[in-house]
Structure formats: C-alpha cells, structure tokens
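*Asks:*
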Amino acid sequence: MYVPFHREHHEEQGCSVTIDDGRQIAPPGLDDLLSEEAVNDPVRYYGRLRDVSPVVWNARWSGWVVTGYDEVIGGYKNHEQLSSDRFTGPFAESLRTQASTYEQLLTFLSAFFVWKDQPYHTHIRTLVNKAFTPRAVEALRPRVRELVRQLADPLEGRDDVDFFAEFAFQLPVIVIAEFLGVPPEAREDVKVWSEDLGAVIFVNGDDDERHRRGEEAMRNLVDLLRPIVRARRTDPRDDLLSGMVQAEERGDFLSEDEVIANAVLMVFAGHETTMNLIANGIVAFDRFPEQWQRLHDNPDLARTTVEEVLRYDGPIKAMARFAKQPLVIGDQKIGTNDRVLLAMYAANHDPKQFGNPEEFDIARMPNRHAGFGYGIHMCLGAPLARLEASEAFTYLTERYSRIEVRTPELRYNPNMVSRSLKRLHVAPHAR
Ligand code: HEM
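For the sequence shown, counting from 1, position 121 maps to 300 in my numbering; every step adds exactly one.
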C-alpha cells in the first residue's frame with residue numbers, strides 16, 4: 180500500500196521545489212488538482228506545473244503528475260511497469276471497503292477491461308475488437324448523418340439552446356444505444372443510468388449518495404442488457420451485442436457477464452466523452468470563428484478538425500496508473516505502488532511537441548495528440564467518436580454561419596479526469 184509522504188524539509192529552487200531524496204514536488208498553490216485554475220483553466224495550470232518539472236510529486240493527491248508530452252507517451256507505452264488495474268494496488272483500498280454495499284457496481288466495474296492489465300486485458304480487447312471493427316463503425320455513417328440533421332435542424336432561429344440537452348448529449352447516446360441494439364423505449368433510462376455511473380467513475384472522493392445511485396444504475400443496466408444478450412445468442416442481429424456474443428478467438432468466447440460488462444463500458448465510455456468532444460469543439464470554434472468558416476469552405480478538413488479538438492480541448496484530461504515496480508519517468512524515480520497521473524491534456528499543449536499549442540488550427544499536421552491515450556489501452560471507440568464528431572461539425576458548419584456561445588462564464592465540472600462543461604447555452608445563426 181502507498182506510504183504517505185512525511186518529509187518536512189523542502190528546498191526551494193526558484194519556482195520548483197526539490198526534496199532531499201531528489202523528488203520534484205508540486206509547490207503549494209500548484210498541488211490542488213481540483214483548484215479553480217486546474218478545473219477552469221487547465222492549460223495555464225498544467226503549463227505552470229510543467230514549468231516546475233514534467234514529472235512532479237503531488238503530496239495532496241499522493242502521487243506523481245506527468246505533464247510533459249514525451250513523459251506522458253512514455254508512461255502510456257510502459258504498461259509492463261505501470262498498471263491500469265483499479266482493483267489491486269493503491270486504488271483498491273477504498274473500493275474493497277465498499278464491496279459488500281455496492282456489489283453490482285463493483286462486480287461489473289471490476290470486469291471493465293480498461294482497468295485490467297495483460298494478459299486478461301488483451302484477451303478481452305481482442306474479442307471485443309472483433310465486433311467493433313472499422314467496417315462495423317463505418318456502416319453507421321448514414322444513420323449518424325441522419326441523426327445529426329434531425330437534432331441540428333430544429334435549433335434554427337433560437338437564441339438560447341441548451342446545447343447538451345438538445346444536441347451533444349443526444350447524439351452519442353442514441354448512436355451507442357442503437358449500435359448495441361438497445362430498444363428505443365429504453366434509451367431515456369440508459370441516458371440517466373449512464374450519467375449516474377459517470378458520476379461514480381469520473382468524480383473523485385467518496386460519497387455515499389453517488390455510490391448508491393451508481394449501484395442502482397448498474398443494476399438497472401445489467402437487468403436491461405442480460406435478456407437482450409441471451410436473445411442475441413439464439414437470434415443474432417446486425418449489432419454490437421450480437422458481435423460480442425459471437426466473437427471467438429481460438430475457441431474462447433466472452434462470458435455472458437463479460438459481454439454485459441463490456442456493453443456497460445461502451446455506453447459509459449462512448450457517451451460522456453463524445454458529448455464533451457462536440458461541446459468543447461463548439462467552444463473552440465466560438466473562440467476561433469475563422470476556423471468555422473474554414474471548415475465550411477473545406478469540409479474535407481473534418482477529419483483533422485476532430486483531431487485538433489481532441490488536442491486543443493479534449494474531453495479526457497488525464498488517466499491514472501500505479502507503479503508495479505520501481506521505474507524512472509523523466510528524471511524522477513517512481514516507487515512501487517506510487518500512483519501516476521498521465522495528464523494528456525498537458526501533453527497536448529506541450530510546446531516541445533506542438534508549435535503554437537494555444538492556437539486552434541483545424542488543419543494542424545502532424546498532430547500526434549494523446550487525446551485517446553496511447554499504447555495497448557488506446558481508445559477502442561475512437562473510430563466511432565471520430566465519425567460522430569466529424570459528421571456533427573461538418574453539418575453544423577454547413578447549416579449555421581456561427582454557433583454563438585451564450586453562457587456568460589464557462590464553468591467546468593470539478594474532476595481530474597474529464598474536461599466537461601457544467602452547461603453550454605448557444606445561439607445558432609442560420610446561413
Ligand atoms: C471523444 C471521445 C472519446 C475519448 C476522448 C476517449 C478516450 C479514451 C481514453 C483516453 C482511453 C484510454 C484509457 C486508458 O488508457 O486507461 C479510452 C479507452 C477506451 N474507450 Fe474511449 N474515448 C472516447 C470515445 C469512446 C467511444 C465512443 C467508445 C465506445 C463506444 C469508447 C470505448 C473505449 C473503450 C472500450 C476503452 C478501453 C480500451 C482498452 O482499455 O483497451 N471510447 N478512451
């Protein structure tokens with residue numbers, strides 16, 4: 180288990196602070212990952228942290244925060260030494276104490292392969308990948324296009340649209356529900372349950388009410404999905420659940436609970452992230468209106484546009500790992516069981532990697548951002564997220580000369596993982 184940091188004699192070096200075992204530590208004022216600045220102005224916050232050192236010890240979080248591009252990518256690549264497992268090591272303690280109260284939640288969360296290491300991770304990912312092929316995703320394009328139009332057209336002439344409720348929230352949840360094969364009448368429920376689960380996974384700290392709702396949401400999702408999964412065994416259709424039920428690798432199949440856990444993971448992972456990608460993109464375009472016109476004039480820039488939104492203001496700020504053994508990141512020695520936060524948001528603004536990182540340039544090339552992570556856990560749903568966002572931005576620029584942000588002061592939800600606005604009201608101006 181992690182041993183908290185107790186040393187008291189710090190040596191100040193300019194804005195950086197080093198302690199006697201050579202650790203660079205986040206100076207007071209920069210150690211709060213949920214400060215006003217960290218939450219609402221992460222570019223500035225992470226930039227200041229990176230100036231201290233691309234790898235710093237954060238005593239308040241009890242872990243290392245990695246902000247340099249090379250160091251973040253190096254951390255993602257190093258899955259041998261840096262574990263994703265949330266159910267062993269330093270992340271497990273508080274979860275285990277809750278295991279009897281939140282049984283469903285923990286049973287299925289603990290089957291999410293995103294939180295597993297090799298070999299189990301790769302075994303499950305290989306099977307799920309068989310269902311989640313680029314071809315299967317591409318086949319959704321006409322339907323996604325149709326949905327984008329259905330959601331975008333009614334926004335015309337309105338000067339106060341709740342962009343989440345009416346667009347950004349709707350598109351991904353409908354797409355993933357249909358892709359999985361969830362019946363339309365269950366969609367509204369799926370949305371609510373997915374949000375409740377998100378509150379457990381993305382928000383830090385322990386909070387009984389949130390966990391209770393997460394437990395209930397998980398039970399409801401499992402109850403909804405189990406009969407559908409069983410039906411797909413005997414009566415397969417052209418959807419992702421059928422694909423997962425049938426996926427086979429060397430005589431091995433996903434168990435019923437594994438299919439359900441993966442379906443919940445898709446609902447959850449594919450929904451909030453894509454919603455925030457679209458919303459963050461609208462904010463970026465509002466700041467750089469000439470890029471909106473540029474996309475309108477060159478719709479073939481849709482692909483690089485999505486990559487630039489992922490880099491400039493991507494929906495995931497950071498992912499956590501822990502060290503299975505001692506290792507070195509940058510010039511810092513990481514100890515066994517130390518937690519490590521790989522802040523891809525910071526990496527995506529590292530001037531060593533990106534020229535003019537604060538400029539939103541929809542044709543940026545090359546753009547090797549880390550918005551989908553990197554390495555063996557790199558986002559499996561990336562093709563779907565890219566498809567939805569590119570269809571959304573392309574049609575919105577075609578239909579509207581501007582989508583004006585009306586929320587006077589943009590505020591973000593206080594958590595370390597997702598970059599998500601609390602609300603976003605807009606006025607779409609028709610062409
Ligand atoms: C813009 C939208 C999205 C972003 C920014 C995003 C981001 C990420 C990131 C950063 C990871 C790596 C996690 C880690 O390294 O610990 C990840 C993994 C994953 N994502 Fe996404 N995601 C998005 C959309 C989706 C969608 C639409 C789906 C599915 C429908 C999805 C399914 C998954 C799955 C299953 C994993 C686990 C992969 C593994 O561990 O091997 N994501 N995502």
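Idealized CB from N, CA, C, for every residue including glycine.
Here the structure is a predicted model, which means the values were calculated and not measured.
(1) Is the beta carbon of valine 293 within less than 7 Å of some heavy atom of ligand 1?
(2) Determine the DSSP secondary structure at glutamate 335, reduced to helix, strand or coil.
(3) In three-state terms, what does DSSP make of lysine 370?
(4) I'd like the ranges of any alpha helix (DSSP H) spanning at least 4 consecutive residues and lying wholly in the segment 250 to 294.
(5) With respect to the alpha helix (DSSP H) encompassing lysine 309, which residues constitute its N-terminal and C-terminal limits?
(6) Would you say the beta carbon of isoleucine 439 is closer than 7 Å to some non-hydrogen atom of ligand 1?
(7) Let me check understanding here. Comparing Cα to Cα, which of Pro545, Tyr299, Val401 and Asp476 lies closest to alanine 365?
(8) Give a single yes or no on whether isoleucine 407 has its beta carbon closer than 7 Å to a heavy atom of ligand 1.
(9) So the alpha helix (DSSP H) leucine 575 belongs to, where does it begin and stop?
(10) Could you tell me the boundaries of the beta strand (DSSP E) in which methionine 498 lies?
(11) Return yes when at least one heavy atom of ligand 1 lies under 7 Å from the C-beta of proline 494, else no.
(12) For a minimum of 4 consecutive residues, which ranges assigned as the alpha helix (DSSP H) are wholly contained in the segment 316 to 366?
(13) Is any heavy atom of ligand 1 found at a distance shorter than 7 Å from the C-beta of threonine 305?
(14) Look at the alpha carbon of glutamate 215 and the alpha carbon of glutamate 588, and state the distance between them as a whole number of angstroms.
(15) Looking at C-beta atoms only, is the number of pairs between the segment 401 to 418 and the segment 347 to 356 that lie closer than 8 Å three or more?
(16) Compute the Euclidean distance between the alpha carbons of isoleucine 355 and methionine 445, then round it to the nearest angstrom.
(17) Just the C-alpha distance for leucine 334 and tyrosine 574, rounded to the nearest angstrom, thanks.
(18) Taking aspartate 368 as the reference, give the member of Phe346, Arg398 and Leu563 with the closest Cα.
(19) Could you tell me the boundaries of the alpha helix (DSSP H) in which leucine 419 lies?
(20) Can you tell which of Asn237, Leu209 and Gly242 has its C-alpha closest to the C-alpha of arginine 227?
(21) Taking only runs that begin and end inside the segment 215 to 239, name each unbroken alpha helix (DSSP H) of 4 or more residues, in chain order.
(22) Return the residue from the list Asp479, Ala502, Ala315 and Glu451 that minimises the CA-CA distance to aspartate 418.
(23) Taking 8 Å as the threshold (C-beta atoms), are lysine 309 and tyrosine 553 in contact?
(24) Look at the alpha carbon of glutamate 259 and the alpha carbon of serine 241, and state the distance between them as a whole number of angstroms.
(25) Output the distance between the C-alpha atoms of isoleucine 582 and arginine 337, rounded to the nearest integer angstrom.
(26) Kindly give me the distance between the Cβ atoms of proline 269 and asparagine 516, rounded to whole angstroms, as I take these residues to be in contact under 8 Å.
(27) Could you spell out where the alpha helix (DSSP H) holding leucine 403 opens and where it closes?
(28) Is the beta carbon of alanine 497 less than 8 Å from the beta carbon of leucine 521?
(29) Using only CA atoms, which one of Arg304, Val596, Thr246 and Ser263 lies nearest to glycine 560?
(30) With valine 507 as the anchor, note down where its beta strand (DSSP E) starts and where it stops.
(31) Tell me whether glycine 384 is buried or exposed, calling it buried when 16 or more other Cβ atoms sit within 10 Å of its Cβ.
(32) Counting pairs of Cβ atoms below 8 Å between the segment 241 to 251 and the segment 517 to 537, do you hit three or more?
(33) Report buried or exposed for threonine 413, applying the criterion of at least 16 other Cβ atoms within 10 angstroms of its Cβ.
(34) Drop a sphere of 10 angstroms on the beta-carbon of histidine 608, count the other beta-carbons inside from all chains shown, and report buried for 16 or more, exposed for fewer.
(35) Please classify asparagine 535 as buried or exposed, where buried requires at least 16 other C-beta atoms within 10 Å of its C-beta.
(36) For a test of the three-state rule: what should DSSP assign to alanine 549, helix, strand or coil?
*Replies:* Inspection of the coordinates gives the following:
(1) yes
(2) coil
(3) Assignment of lysine 370 by DSSP, reduced to helix, strand and coil, places it in the helix class.
(4) 271 to 276 and 282 to 288
(5) The continuous alpha helix (DSSP H) containing lysine 309 extends over residues 299 to 310.
(6) no
(7) Val401
(8) no
(9) In the DSSP assignment, leucine 575 falls within the unbroken alpha helix (DSSP H) covering 561 to 578.
(10) 498 to 502
(11) Under cutoff, so the answer is yes.
(12) Unbroken alpha helix (DSSP H) stretches of 4 residues or longer found wholly inside the segment 316 to 366: 320 to 331 and 349 to 359, given in chain order.
(13) Placement of the Cβ of threonine 305 at a distance of 7 Å or more from every heavy atom of ligand 1 is found.
(14) 13 Å
(15) no
(16) 7 Å
(17) One alpha carbon belongs to leucine 334, the other to tyrosine 574, and they sit about 13 Å apart.
(18) Arg398
(19) 419 to 425
(20) Leu209
(21) The segment 215 to 239 contains these whole alpha helix (DSSP H) runs: 215 to 219 and 221 to 231.
(22) Ala315
(23) no
(24) 22 Å
(25) 11 Å
(26) 5 Å
(27) Note, leucine 403: alpha helix (DSSP H), 387 to 413.
(28) yes
(29) Arg304
(30) Looking at the DSSP string, the run of the beta strand (DSSP E) that includes valine 507 is 506 to 508.
(31) Legend: pLDDT at glycine 384 = 49, less than 50; position of this residue unreliable, no value from coordinates given.
(32) Flag = yes, the segment 241 to 251 and the segment 517 to 537 touch.
(33) exposed
(34) exposed
(35) exposed
(36) coil
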